[in-house]
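Using this note's numbering, the first residue of the sequence shown is number 99, and each one after it goes up by one.
Ideal placement from N, C-alpha and C gives every residue a C-beta, glycine not left out.
Quick caveat, the model's predicted, so the values are computed rather than measured.
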Amino acid sequence: MMHSSPSQHIEAILPLPCRSLPFRKSSLMWGSIEFMEVFKVLPQQPHLCPLEQYNEEAREGIAIGKMLIFANLVKETMELQLDVPRSIFKSKLEVLTDIEDCGFTVQPIRSRFEEFLRIKDSYNELFDNAKTVEREVHEEKLKYDELQEFVHVLMVDKETKGHSVTGLQRTVDAIMERIQGAMLDFNRLDASPW
């Protein structure tokens with residue numbers, strides 16, 4: 099009876115890594131691709147093993163596509179803007195996972211995308227907070243303007259009432275003067291002899 103060791107069991111589950119590229123480099127494009135600036139800054143030696151599932155004739159073209167995808171992702175990472183929708187960031191992170199499976203070293207790019215996402219989320223939260231506060235400021239300004247208008251109406255009303263009170267006081271003073279005059283006339287008449 100033969101017993102299998104745990105390592106043999108694991109090896110049976112995990113695919114063996116390919117020892118060489120699953121295609122022959124024959125395209126003239128490889129020279130241009132390998133000398134791109136991005137591959138000088140972030141050298142890559144992808145194994146491209148997942149390409150073994152494709153038709154042998156298609157593998158080299160798919161490999162060139164993967165190399166260009168990597169180069170474009172690095173370029174796009176350097177040109178990111180805050181107004182890029184979050185869904186684009188998520189999509190690029192998914193593409194990174196796809197090319198990482200082919201042996202590309204994507205951690206520096208992933209880290210940068212994740213940091214951009216963190217900053218973008220923070221920016222969006224601050225932007226939303228600013229909009230909320232601006233709306234509150236606008237509402238408070240409207241209330242302030244209404245109060246200012248109310249105060250203005252009250253001041254005009256106060257001034258009008260002040261003029262009215264002054265006018266009425268003059269009338270009262272004039273009447274009191276006439277009453278005083280009538281009393282003097284009455285007292286004089288009362289004190290006069292027959």
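Could you pull out every residue in the same chain whose Cβ sits closer than 8 Å to the Cβ of residue 273, ignoring the five residues on either side in sequence?
Mapped onto the sequence shown, residue 273 falls at position 175. Same-chain partners within the cutoff: there are none.
What are the boundary residues of the alpha helix (DSSP H) that includes residue 128?
In the sequence shown, counting from the first residue as 1, residue 128 sits at position 30. 127-132 is the extent of the alpha helix (DSSP H) around residue 128.
What separation, rounded to the nearest whole angstrom, lies between the Cα atoms of residue 149 and residue 227?
Residue mapping note: residue 149 aligns to position 51 of the sequence shown, counting from 1. Residue mapping note: residue 227 aligns to position 129 of the sequence shown, counting from 1. Roughly 48 Å between the two C-alpha positions.
Go ahead and label residue 197 buried or exposed: buried means 16 or more other beta carbons lie within 10 angstroms of its beta carbon, across all protein chains shown.
The sequence position of residue 197 within the sequence shown is 99, counting from 1. Buried: at least 16 other Cβ atoms inside 10 Å.
Hey, how far is the Cα of residue 230 from the Cα of residue 180?
Taking the first residue of the sequence shown as 1, we reach residue 230 at position 132. Taking the first residue of the sequence shown as 1, we reach residue 180 at position 82. Residue 230 and residue 180: Cα-Cα distance of roughly 20 Å.
The stretch 239-251 contacting the stretch 205-215, beta-carbon criterion three pairs below 8 Å:
no
Applying the 10 Å Cβ sphere with the 16-neighbour rule, what's the burial state of residue 121?
Along the sequence shown, read from residue 1 onward, the residue named residue 121 stands at position 23. So residue 121 ends up on the buried side.
Distance between beta carbons of residue 171 and residue 188, contact taken as under 8 Å
Counting from 1 along the sequence shown, the entry for residue 188 is found at position 90. Counting from 1 along the sequence shown, the entry for residue 171 is found at position 73. Actually they are not in contact, since the Cβ atoms of residue 188 and residue 171 sit about 13 Å apart, beyond 8 Å.
From the DSSP output, in three-state form, read off residue 141 for me.
Locating residue 141 in the sequence shown gives position 43, where the first residue counts as 1. In this structure, residue 141 counts as coil in the three-state DSSP scheme.
List in chain order: all unbroken alpha helix (DSSP H) runs of 4+ residues lying wholly within the stretch 167-254.
184-198
Compute the beta-carbon to beta-carbon distance between residue 152 and residue 162, rounded to the nearest angstrom, for a pair I have assumed lies under 8 Å.
As a working note, residue 152 is residue 54 in the sequence shown. As a working note, residue 162 is residue 64 in the sequence shown. Actually they are not in contact, since the Cβ atoms of residue 152 and residue 162 sit about 13 Å apart, beyond 8 Å.
Assigned secondary structure, residue 256 (DSSP; H/G/I helix, E/B strand, else coil):
Counting from 1 along the sequence shown, the entry for residue 256 is found at position 158. Three-state result, residue 256: helix.
Distance check for residue 232 and residue 266, CA to CA, integer angstroms please.
Numbered from its first residue, the sequence shown carries residue 266 at position 168. Numbered from its first residue, the sequence shown carries residue 232 at position 134. In a straight line, the C-alpha of residue 266 is about 50 Å away from that of residue 232.
Sorted by chain position, which residues of the same chain lie with C-beta nearer than 6 Å to residue 144's C-beta, five sequence neighbours on each side aside?
As a working note, residue 144 is residue 46 in the sequence shown. Once the five neighbours on either side are set aside, the close Cβ partners of residue 144 are 200, 201 and 202.
Ordered along the chain, which non-local residues of its own chain (more than five positions away) have a Cβ less than 7 Å from that of residue 116?
As a working note, residue 116 is residue 18 in the sequence shown. If we look at residue 116 and ignore the five residues flanking it on each side, its Cβ neighbours are 145, 147 and 150.
Would you please state the rounded distance, in angstroms, between the beta carbons of residue 167 and residue 193? I believe it to be under 8 Å.
For the purposes of this step, residue 167 is taken as residue 69 along the sequence shown, with counting starting at 1. For the purposes of this step, residue 193 is taken as residue 95 along the sequence shown, with counting starting at 1. Yes, they are in contact, since the Cβ atoms of residue 167 and residue 193 sit about 6 Å apart, within 8 Å.
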